[in-house]
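The working numbering numbers the first residue of the sequence shown as 12 and each following residue consecutively.
We put the CB at the ideal spot given by N, CA and C, even for glycine.
Inspection log for the structure reproduced underneath, given as structure tokens.
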Amino acid sequence: MKLVEILQANLASFLDIEKSKALAVKFNANQLKAFFKKLDPTFKVVLFFGPDQGLVHERTKTLIKLVVSDIHDPFLISELTGKQIISDPGRLIDETMAQSMVGGERIVWIKLGSEDISKTIENYLKTNNGGSLVVIEAGDINIRSPLRKIIENNKIAIAAPCYMDNQKTITTLIDQVLNDNNKKITNDARIHLIESLGSDHLISRTEIEKLIVYSGENENILLSDVKAIIGDSGAISIEEICYCTGEGNIIDLERNLSRAFAEGINSITVLRSVMRHFLKLHLVASQLNNSGALDQSIKLLKPPIVFLFLNRFKNQIALWSINNLERALQLLQEAEIECKSTGYPVNSICSRTLIRIAQRAKD
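In structure tokens, the structure reads:
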């Protein structure tokens, strides 16, 4: 796919336009929460997708655990990749119709990359005759994606988007995790925690859980606890990697990448997050080239730029030309393909690509 097609396919998701609202996704967060409380066997395909890969993975595992007793049992779960389905479309039907050797329900868990499996899923939904539940864990699928359209418009399928956390959802997450562990937090500690956490759901949850362990038997979490665990520089954040890349700050970029990989953050997740960041920069830069105002152009972005990063985002607009932004996007796409196809260490591919891009920040 040509770079211009990637831009056209992805930039629409950042625009605040009524057209995108008209193509409503089947399940929002509240509907999904109700579905988790009482699973409806009518649904045979569930697609989790979106920019927050941590939340995508968390919700995928949550659903699977509601259906099967052991998420690691190969007799209860059949794991497929998009590549396997492309090479053997009939395998999906075979796996959904297989019976568990130990009894109980089975799950077919599809880990989807950039492959287009829409036809296979469409055929499965048309011919479905009571097979296993199919759960698809995907990336940030565009609103024009055939797979999204097929699932969103089918009565026995669910498309559930997973968006990056904002201040409201971070607050909800903090309350949820604290309540689950019978903990309370002081107001100043809460404010500092909210400001420190990034927008990746899984990373935020991990940081909050670390905080709970650190607090021990103390019922109340204090500001000193938050500073000791989260640190004044904030939690490991995908945003920091994105912004260090865009600023050409190679020292902090390498440090944040090392910490992120140590935390188990997937290289593909990092590459896609940086790609979204550069798509936003490209959109705003394009608006400015068409005589648009900077602040007004930034307001078009969805989700909006987090306040803590707003000035840094504006500064990056001045650093990057349209041509360099497009070259960066091309390098990011090539790196993702290389991660999936070459067998080389993915963390090395990711780091090398981001450092290469960061070096172009002031060109």
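Taking 8 Å as the cut-off, decide whether the C-beta atoms of residue i and residue j are in contact.
| i | j | result |
| --- | --- | --- |
| Leu103 | Ser129 | no |
| Val56 | Ile118 | no |
| Ile75 | Ile88 | yes |
| His288 | Glu69 | no |
| Ser278 | Cys350 | yes |
| Leu58 | Ala171 | yes |
| Leu264 | Leu365 | yes |
| Val67 | Glu148 | yes |
| Leu343 | Arg367 | no |
| Leu234 | Asp199 | yes |
| Gly4 | Ile214 | Any question about residue 4 goes unanswered here, given that the chain covers just 12 to 374. |
| Val188 | Glu220 | yes |
| Cys361 | Val281 | yes |
| Ser226 | Lys194 | yes |
Is there a Cβ from chain C that is less than 8 Å from the Cβ of residue i?
| i | result |
| --- | --- |
| Asn300 | You won't find chain C in this structure, because it holds only one protein chain. |
Identify the residues that DSSP records as bridge partners of residue i: which are they?
| i | result |
| --- | --- |
| Asn231 | Lys195 |
| Leu58 | Ile147, Ala170 |
| Leu91 | Ile121 |
Identify which residue in the options has its Cα closest to the Cα of residue i.
| i | options | result |
| --- | --- | --- |
| Arg283 | Ile328, Ile232, Ile333, Glu345 | Glu345 |
| Arg371 | Val357, Gly354, Arg338, Ser352 | Arg338 |
| Pro100 | Gly142, Glu220, Glu133 | Glu133 |
| Pro2 | Asn300, Gly142, Ser215, Asn177 | No information on residue 2 is available, as it lies outside the stretch 12 to 374 that the chain covers here. |
| Asp127 | Asn153, Lys137, Glu116, Gly141 | Asn153 |
| Pro85 | Gly115, Pro62, Gln64, Asp63 | Gly115 |
| Ile181 | Glu163, Lys160, Arg216 | Arg216 |
| Phe8 | Thr71, Pro62, Ile185, Gly275 | Lying outside 12 to 374, the shown extent of the chain, residue 8 is not represented and no answer is given. |
| Gln42 | Lys122, Thr131, Cys173, Ser125 | Cys173 |
| Leu184 | Ile276, Gln307, Glu218, Pro356 | Glu218 |
| Gly124 | Cys361, Ile348, Val357, Asn358 | Ile348 |
| Ala109 | Asn300, Gly141, Asp236 | Gly141 |
| Ile249 | Ile360, Asp236, Asn267, Pro356 | Asn267 |
| Asp105 | Ile360, Thr138, Ala45 | Thr138 |
| Gly257 | Lys160, Val285, Ser352 | Val285 |
| Lys44 | Thr73, Ser143, Asp306, Ser302 | Thr73 |
| Pro52 | Ser143, Thr131, Lys122, Ile82 | Ser143 |
| Phe54 | Asn165, Gln307, Lys122, Asp306 | Asn165 |
| Trp120 | Ser302, His83, Arg155 | His83 |
Contact check, residue i vs residue j under 8 Å by CB: the rounded distance?
| i | j | result |
| --- | --- | --- |
| Phe60 | Asp151 | 7 Å |
| Val146 | Thr107 | Rounded, the Cβ-Cβ distance is 11 Å, inconsistent with contact. |
| Ala369 | Gly259 | 5 Å |
| Ile196 | Ile232 | 4 Å |
| Tyr254 | Arg201 | Between Arg201 and Tyr254 the Cβ distance is about 24 Å, and since that is not below 8 Å, they are no contact. |
| Ile240 | Asn192 | That belief does not hold up - the Cβ atoms of Ile240 and Asn192 are roughly 14 Å apart, past 8 Å. |
| Ile167 | Leu136 | 6 Å |
| Leu312 | Lys291 | 5 Å |
| Ile333 | Asn300 | 7 Å |
| Ala273 | Ile252 | 13 Å between Cβ atoms; not a contact. |
| Met175 | Pro356 | So it is not a contact: roughly 27 Å between Cβ atoms. |
Report yes if the C-beta of residue i is less than 7 Å from at least one heavy atom of the ligand COA; otherwise report no.
| i | result |
| --- | --- |
| His68 | Absent from the structure shown: the ligand COA. Ligands present: none. |
May I ask you to verify whether the stretch 93–111 touches the stretch 197–214, counting CB pairs closer than 8 Å and requiring at least 3?
no
So does the stretch 325–335 actually touch the stretch 292–309, counting three or more Cβ pairs closer than 8 Å?
yes
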